[in-house]
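Data first, discussion second: the structure below is written as structure tokens.
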Amino acid sequence: MRLSRLLYAHALSVAEEVKARAVVLHGDAVGSLRFIEDIPAQTPVVLATADRGRWRETPKAVAEVLQVPFPTLSRLAQVDLVLLFGLSRGLFARGDTVVSLSGAPNSGFLDTLLVLDVVREFPAIFDAHAAATVLGDVEPPVLEKVLQLAVDLAREGREGRPVGTIFVVGDHERIAAASRQMVINPFRGYLDEEKNVLDPSLGETLKEFSNIDGAFVIRGDGVILSAGTFLKPERVTGALPSGLGARHAAAAAITAGSAALAVVVSQSTGTVSLFKGGALVLALEKPAPVADAPGRHMGGA
Numbered sequence: 622m623r624l625s626r627l628l629y630a631h632a633l634s635v636a637e638e639v640k641a642r643a644v645v646l647h648g649d650a651v652g653s654l655r656f657i658e659d660i661p662a663q664t665p666v667v668l669a670t671a672d673r674g675r676w677r678e679t680p681k682a683v684a685e686v687l688q689v690p691f692p693t694l695s696r697l698a699q700v701d702l703v704l705l706f707g708l709s710r711g712l713f714a715r716g717d718t719v720v721s722l723s724g725a726p727n728s729g730f731l732d733t734l735l736v737l738d739v740v741r742e743f744p745a746i747f748d749a750h751a752a753a754t755v756l757g758d759v760e761p762p763v764l765e766k767v768l769q770l771a772v773d774l775a776r777e778g779r780e781g782r783p784v785g786t787i788f789v790v791g792d793h794e795r796i797a798a799a800s801r802q803m804v805i806n807p808f809r810g811y812l813d814e815e816k817n818v819l820d821p822s823l824g825e826t827l828k829e830f831s832n833i834d835g836a837f838v839i840r841g842d843g844v845i846l847s848a849g850t851f852l853k854p855e856r857v858t859g860a861l862p863s864g865l866g867a868r869h870a871a872a873a874a875i876t877a878g879s880a881a882l883a884v885v886v887s888q889s890t891g892t893v894s895l896f897k898g899g900a901l902v903l904a905l906e907k908p909a910p911v912a913d914a915p916g917r918h919m920g921g922a
């Protein structure tokens, strides 16, 4: 607890020096936040956690609780996701600096301080528009749910086999003009309220349909429009980073010609990639199996 207290006090000092928008504290590293209660904070503290319910009561310094339900990802991946989700929800904006304070999940202490520049971390998602339009017409919970599904698919596969797929989210009218069905659309004919990605009961259905060749097309409000969709974008993007294949090329191209986001699960590596504006925004390496999640077997300190 002493190390966490010292690092937290130092993070607040650094935040004041660099005029940070917020200090992000990754709460799942520690079992309690008592150590921050008597340390005055001039900079707002954002508490990041995989389980919001774990923190029903928080110290006065905590201005916001941000749920990032990806406990099996690496620590650096979680730092990136917190920044992305904070951007999508308007907690951070273009030009902001954020101080991140983290530790291995369930280790009992904080041990890492990072100073992050929002634009430098995610240059691909910023253009001439305000930060509020980072996601276009995609609602933040929808992006978060799609990423969660993609991470689950990358970790679990289907029936013991790895799978690869694409989720295209937002700007659905332009996507419809740049795509066609490869198979009969399994979501055709259902009411919108019966096919929303935010409905927990559809999780297994989506995972099962991931075996179908083609992409899922999802409206910005979460309504699933189609599966088994062939993307035929007009715009061709430049060279992608090495190791990325046909799905990644299609995702880059479809987002280059639209305001949509695309999430790709790589069948060969299990990496989950997020594309916007024709560029790779975020790459999450294949998550560890649940039993081997980072920090799961570590004791307190």
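Read in order, the letters of the sequence shown correspond to residues 622 to 922 in the numbering used here. For glycine and all other residues, C-beta sits at the position ideal for the given N, C-alpha and C.
In the structure shown, Glu685 falls within a strand segment according to DSSP collapsed to helix, strand and coil. Secondary structure at Gly835: coil, using DSSP grouped into helix, strand and coil. If you draw a 10 Å sphere on the C-beta of Ala867, you find fewer than 16 other C-beta atoms in it, and that means exposed. Gly785 is not a Cβ neighbour of Ser879, given a cutoff of 7 Å. By the beta-carbon neighbour count (other beta carbons within 10 angstroms, threshold 16), Gln699 is buried. In the DSSP annotation of this structure, the continuous segment of the alpha helix (DSSP H) that includes Lys766 starts and ends at 761-777. Each residue's CA atom was taken as its position, placing Leu823 and Ile660 some 45 Å apart.
Non-local beta-carbon contacts of Arg626 in its own chain, meaning distances under 6 Å to residues more than five positions away in sequence, involve Phe656 in chain order.
About 4 Å separates the Cβ atoms of Ala636 and Thr664, confirming a contact at the 8 Å cut-off. From the listed residues Gly716, Thr892, Asp672, Val804, the smallest Cα separation to Ala650 is found for Asp672.
Val666 has its alpha-carbon roughly 16 Å from the corresponding atom of Val689. Under the criterion of beta carbons closer than 8 Å, Ala883 and Thr892 do not qualify as touching, at roughly 14 Å. Proximity to Glu906 across Leu865, Ala872, Gly899, Ala900 peaks at Leu865, based on C-alpha coordinates.
Measuring C-alpha to C-alpha distances from Val755 to each of Ser728, Val772, Leu774, Leu704 identifies Leu704 as the nearest.
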